[in-house]
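These notes are about the structure you will find just below.
Residue numbers (UniProt numbering): 1 to 638.
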């Protein structure tokens with residue numbers, strides 16, 4: 001029997017009490033609609049009068065009346081109380097379940113956008129030396145990848161709420177347009193400063209793409225079937241992150257680095273055209289001024305500034321400034337304080353908060369946010385440091401190193417699909433999540449044993465185990481979070497979940513570099529290397545293979561051994577934090593029903609809506625044909 005969180009926004013205790021909304025047209029449905037009309041009329045009157053107090057009073061009356069019908073632990077997550085609050089805030093339910101044919105068209109158009117967004121996270125990693133040489137500015141080059149991650153992370157919660165206000169389609173098109181404009185600017189940048197600033201603009205759009213795509217998937221596909229389709233998006237993310245270094249290296253080697261950004265223009269343009277014409281989502285109608293008043297400007301600015309003030313000094317530390325310097329510590333402290341102010345503002349001031357604080361009362365949702373933070377940390381760390389291990393410890397080229405992590409990508413993708421199918425068939429997500437974390441921890445433990453002599457078979461085999469576990473935790477965790485909340489809260493939960501994953505990856509890359517570099521520094525110091533040589537090795541470990549005259553054979557061996565020790569330490573830490581994820585999943589992720597009582601009615605309504613759109617198009621084309629015929633007839637008569 002599913003277990004309830006017994007917290008705000010949680011699912012009901014049993015499938016029998018789960019959100020049984022009457023189907024349209026049924027006696028119960030007619031009765032429910034009639035009961036809601038006076039409430040909606042009161043809210044509309046209050047809004048028309050323009051008084052914030054009147055709207056709030058009407059909202060409170062509606063909620064009190066709704067709670068009289070549904071209260072306590074048995075209150076359905078999409079019941080009258082939740083719907084009343086949602087409508088009183090002026091937000092529209094954008095659920096629009098679609099037939100499989102329409103889903104395929106929508107998914108194909110959106111996956112191209114996701115692929116380009118995640119390709120840009122890692123594509124510059126192998127092209128960075130070429131970019132640094134072109135601008136003769138190696139010290140600032142680290143901000144080229146960092147700025148994209150910074151802005152894409154900071155704005156994710158904001159994009160989710162904006163899509164509630166302005167509609168999914170227009171918000172998604174806005175994100176794609178910003179991403180393309182940023183890409184164009186990067187391609188023509190004339191200085192390193194211009195490139196860094198425009199990478200920030202590119203990231204601002206790119207960060208919203210994944211959030212919007214996953215929210216749209218939840219709008220058009222039922223909860224039980226959602227895992228299968230969300231797995232497609234997760235697989236696209238993995239492909240984008242994995243092939244980014246390969247594509248970037250190939251571009252840097254065979255043509256100008258500017259093609260790293262030029263390639264987004266044709267791909268992004270195609271994605272915009274397909275989404276504009278073939279994305280049949282419901283429009284959110286209403287006055288633009290009213291929508292602009294609904295935006296939580298204070299919350300949006302606070303979350304962005306707080307995120308920037310936390311991430312920026314993590315990139316400064318050890319490069320631009322010492323870790324204990326004023327700029328680093330001052331920014332970190334300011335960021336933490338601003339996050340506290342943000343929480344208070346959202347709790348006490350915001351009318352439609354970017355991140356409603358009550359979602360953290362839900363035990364399952366909070367557990368998913370924590371485990372997703374660790375997921376992002378481990379996945380991005382593996383993407384960066386597995387290829388580096390192959391380059392430093394084995395002397396492989398960047399292209400060969402990138403190719404050797406494809407087995408992990410393939411296995412992860414297979415198990416993403418497998419777990420999605422399994423969850424949809426059996427209606428259970430928790431076993432997949434827990435087993436996935438257990439296998440993932442074992443895989444990371446195996447990878448931590450790799451050294452300079454490990455065979456290719458070991459390298460590939462250990463990655464297969466790692467990918468099998470990793471793949472079972474990605475989309476299933478999102479299904480768990482969405483199952484634990486009301487439909488009106490899914491967009492917020494999805495955007496915050498993605499924010500936590502991006503934040504985890506961004507923060508832990510800095511921690512990973514500190515772990516590996518400090519271990520390497522300690523090992524080399526104990527073998528008598530001077531500080532300048534150690535700094536050279538830390539800045540570019542792979543240089544021991546490219547600069548053959550710089551190090552003797554004995555020195556090269558010591559550097560490799562020191563690096564391998566750092567790699568071991570790093571992957572021991574990753575193994576430990578994924579083990580912590582396993583414990584959190586077992587103890588705090590609750591089981592919730594994936595069946596909601598109104599989903600069959602919503603599916604039928606979706607089919608009817610799609611059919612209605614087709615009929616309108618046919619009627620329009622038919623009318624145009626009649627008009628053309630009449631014009632032709634008049635011309636003939638004249």
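Don't be surprised by glycine CBs; every beta carbon is placed ideally from N, CA and C.
Treat the numbers as computed from the prediction; the structure is a model and nothing was measured.
Could you tell me the boundaries of the alpha helix (DSSP H) in which residue i lies?
i, result
"residue 497", "490-526"
"residue 560", "553-588"
"residue 360", "No alpha helix (DSSP H) contains residue 360, which DSSP labels as neither H nor E."
"residue 277", "264-278"
"residue 164", "156-166"
"residue 477", "474-483"
"residue 534", "531-539"
"residue 546", "543-546"
"residue 465", "456-471"
Name the DSSP beta bridge partners of residue i, please?
i, result
"residue 317", "321"
Helix, strand or coil, according to DSSP, for residue i in the structure here?
i, result
"residue 220", "helix"
"residue 596", "coil"
"residue 620", "helix"
"residue 341", "helix"
"residue 295", "coil"
"residue 289", "helix"
"residue 258", "coil"
"residue 62", "Residue placement at residue 62 cannot be trusted, given a pLDDT of 39 that sits under 50; what the coordinates show is reported in the next sentence. DSSP places residue 62 in helix when its eight states are reduced to three."
"residue 75", "Per-residue confidence for residue 75 stands at a pLDDT of 39, beneath the threshold of 50, marking its modelled position as unreliable; the derived number appears in the next sentence. Three-state result, residue 75: coil."
"residue 602", "helix"
"residue 233", "helix"
"residue 614", "helix"
"residue 281", "coil"
"residue 199", "helix"
"residue 487", "helix"
"residue 67", "The predicted model places residue 67 with a pLDDT of 36, which falls under 50 and marks its position as unreliable; any figure quoted below should be read in that light. DSSP places residue 67 in helix when its eight states are reduced to three."
"residue 354", "coil"
"residue 591", "coil"
"residue 188", "coil"
"residue 30", "At residue 30, the pLDDT of 39 sits below 50, so the modelled position is not reliable and the matter cannot be decided from this model."
"residue 349", "coil"
"residue 147", "helix"
"residue 550", "coil"
Do residue i and residue j have their C-beta atoms within less than 9 angstroms of each other?
i, j, result
"residue 366", "residue 588", "yes"
"residue 168", "residue 102", "no"
"residue 272", "residue 424", "no"
"residue 389", "residue 512", "no"
"residue 261", "residue 202", "yes"
"residue 472", "residue 439", "yes"
"residue 426", "residue 223", "no"
"residue 246", "residue 399", "yes"
"residue 135", "residue 172", "no"
"residue 374", "residue 578", "yes"
"residue 290", "residue 352", "no"
"residue 264", "residue 150", "no"
Does the beta carbon of residue i fall short of 8 angstroms from some heavy atom of the ligand FMN?
i, result
"residue 443", "Within the structure as shown, the ligand FMN is missing, as the structure has no ligands at all."
- Task: Identify every run of the alpha helix (DSSP H) within the segment 386-452, keeping only runs that are complete inside it and at least 4 residues long; order them along the chain.
- Result: 398-403, 406-426 and 430-447
- Item | Start-end ranges of the alpha helix (DSSP H) lying completely within the segment 83-144, minimum 4 residues | 100-122 and 124-135
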